[in-house]
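Counting in my numbering, the sequence shown tops out at residue 222, every number present.
To start, the structure under review is shown below, and the notes come after it.
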Amino acid sequence: MHAIDTPFLLLVFRTVARRLEENRDALCGLDGEIGDGDHGTSMANGFAAIVTALRAPGMAEAPPGQLLRTASMAFLNDVGATVGPLYASALLQAGKVLEARPDLPLSEFSAFVAALTDGIAFRGKARAGDKTMLDAWLAATHAARLQESLGAPPADVARKAAEAAEEEARATATMIASRGRAARLKERSLGHQDPGAVSAALILRVLADAVADTMGQGR
Ligand SMILES: [Mg+2]
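Right under this line is the structure:
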């Protein structure tokens, strides 16, 4: 109850996979404007592969750290694009936070988001403002940490994190790419949102909804 545990993560992975499938074409369209047009396919297929891997016998009873390691491997094995190692690293880092413990209280939600963000930053070597998915993850981490420090309840912390990611994903349209899919376009990347930031915001919105549901506050 009121924690990031195995049932919470199973629900989140299933919901993220469904939402990415619904947004497959839109994300491919965004990537087609400034990249190679595969982002929706990579994300939808990668998270579908995670859901399949987590259907294996025993996974529903596995500790959350093991769940996240399994998800990381499934994503890495399925996704050949650059995003493969990035989310694999994010999930592995989140798994370390939950290593040797049955759950993470939702009062420590920011630590979970920060670990995912650290995994992406470590593997991708992008910085804030480079117009990549990291911008959305950093905005979410900062918002979550701020709200937690102010004593906000977990549902509000998670909602503010999702809102910050959505706002930052929109703001990537005003950034000139210096790393990632659109770096070669430089100024010509202006006016286009980074699809990785858009899909990151989508994941954070699913997390926020799951936290709200778990806290029993509805949506
Ligand atoms: Mg691409």
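Ideal Cβ positions, reconstructed from N, Cα and C, are used throughout, including at glycine.
Quick caveat, the model's predicted, so the values are computed rather than measured.
Check: Pick from Gly61, Glu111, Gly32, Arg162: whose alpha carbon is nearest that of Ser152?
Finding: Residue 152 sits at position 149 when you count from the first residue of the sequence shown. Ranking Gly61, Glu111, Gly32, Arg162 by Cα distance to Ser152 puts Glu111 first.
Margin query: Between the segment 127-134 and the segment 146-163, can you find at least three pairs of beta-carbon atoms closer than 8 angstroms?
Written below: Short answer: they don't touch.
Check: Looking at the structure shown, is Ala203 part of a helix, part of a strand, or coil, going by DSSP?
Finding: For this step, residue 203 is matched to residue 200 along the sequence shown. Here Ala203 carries a helix assignment [DSSP, helix/strand/coil].
Next item on the list: Taking all protein chains shown into account, decide if Arg104 is buried (16 or more other Cβ within 10 angstroms of its Cβ) or exposed.
Entry: As a working note, residue 104 is residue 101 in the sequence shown. Exposed is the call here.
Notebook entry, point to check: For Thr175, is the beta carbon positioned less than 8 angstroms from some heavy atom of ligand 1?
Noted result: Residue mapping note: residue 175 aligns to position 172 of the sequence shown, counting from 1. Thr175 Cβ: outside cutoff for every heavy atom of ligand 1.
Item checked: Proximal residues to Gly194 (C-beta, below 7 angstroms), its chain only, five neighbours per side dropped -> The residue labelled residue 194 in the question sits at position 191 within the sequence shown. Cβ neighbours of Gly194 beyond the five flanking positions: Ala176.
Next item on the list: Have a look at Gly199 and Leu107 and give me their C-alpha separation to the nearest angstrom.
Entry: For the purposes of this step, residue 199 is taken as residue 196 along the sequence shown, with counting starting at 1. For the purposes of this step, residue 107 is taken as residue 104 along the sequence shown, with counting starting at 1. Looking at the backbone, the Cα of Gly199 and that of Leu107 are separated by about 26 angstroms.
Notebook entry, point to check: What are the start and end residues of each continuous beta strand (DSSP E) run of 3 or more residues lying completely inside the segment 166-193, in chain order?
Noted result: Taking only runs of at least 3 residues, no beta strand (DSSP E) segment lies wholly in the segment 166-193.
Check: Can you list, in chain order, the residues of its chain whose CB lies under 8 angstroms from that of Ala172, leaving out five sequence neighbours each side?
Finding: Counting from 1 along the sequence shown, the entry for residue 172 is found at position 169. If the five residues before and after Ala172 are omitted, its C-beta is found closer than 8 angstroms to the C-beta atoms of Asp138, Ala139, Gln196, Asp197, Ala200, Val201, Ala203, Ala204, all from its own chain and listed in chain order.
Check: Taking Cβ to Cβ, would you say Ala143 is nearer than 9 angstroms to Ala168?
Finding: In the sequence shown, residue 143 corresponds to position 140, counting from 1. In the sequence shown, residue 168 corresponds to position 165, counting from 1. With respect to the 9 angstroms criterion, Ala143 and Ala168 are classified as neighbours on the basis of their beta carbons.
Checklist line | Inter-residue CB distance, Arg182 and Ala129 (contact presumed, cutoff 8 angstroms) | finding: The sequence position of residue 182 within the sequence shown is 179, counting from 1. The sequence position of residue 129 within the sequence shown is 126, counting from 1. Right, their Cβ atoms sit about 5 angstroms apart.
Next item on the list: Determine the contact status of Pro88 and Phe11, defining contact as a CB-CB distance below 9 angstroms.
Entry: Taking the sequence shown and counting its residues from 1, one reaches residue 88 at position 85. Taking the sequence shown and counting its residues from 1, one reaches residue 11 at position 8. Pro88 places its beta carbon 9 angstroms or farther from that of Phe11.
Notebook entry, point to check: Using CA coordinates, which residue listed in Thr55, Asp212, Asn26, Val54 is at the minimum distance from Asp41?
Noted result: Residue 41 sits at position 38 when you count from the first residue of the sequence shown. The residue among Thr55, Asp212, Asn26, Val54 with its C-alpha nearest the C-alpha of Asp41 is Asn26.
Check: Looking at the unbroken alpha helix (DSSP H) that takes in Lys99, where does it start and where does it end?
Finding: Locating residue 99 in the sequence shown gives position 96, where the first residue counts as 1. Looking at the DSSP string, the run of the alpha helix (DSSP H) that includes Lys99 is 86-100.
Check: Does the Cβ of Ala84 lie closer than 8 angstroms to at least one heavy atom of ligand 1?
Finding: The residue you call residue 84 lines up with position 81 of the sequence shown. At least one heavy atom of ligand 1 is nearer than 8 angstroms to the Cβ of Ala84, so yes.
Margin query: Taking its Cβ as the centre, do 16 or more other Cβ atoms sit within 10 Å of Asn48, making it buried, or is it exposed?
Written below: In the sequence shown, counting from the first residue as 1, residue 48 sits at position 45. With 16 or more neighbouring CB atoms inside 10 Å of its own CB, Asn48 falls in the buried class.
Notebook entry, point to check: Based on the DSSP output, what are the partners of Leu107 in its beta bridges?
Noted result: In the sequence shown, residue 107 corresponds to position 104, counting from 1. DSSP output for Leu107 lists Ile7 as bridge partner(s).
Item checked: Where the alpha helix (DSSP H) through Leu153 begins and ends -> The residue you call residue 153 lines up with position 150 of the sequence shown. Per DSSP, Leu153 lies in no alpha helix (DSSP H) segment and is marked neither H nor E.
Check: For His195, which three-state DSSP category applies?
Finding: As a first step, residue 195 is located in the sequence shown; it is residue number 192 there, counting from the start. DSSP places His195 in coil when its eight states are reduced to three.
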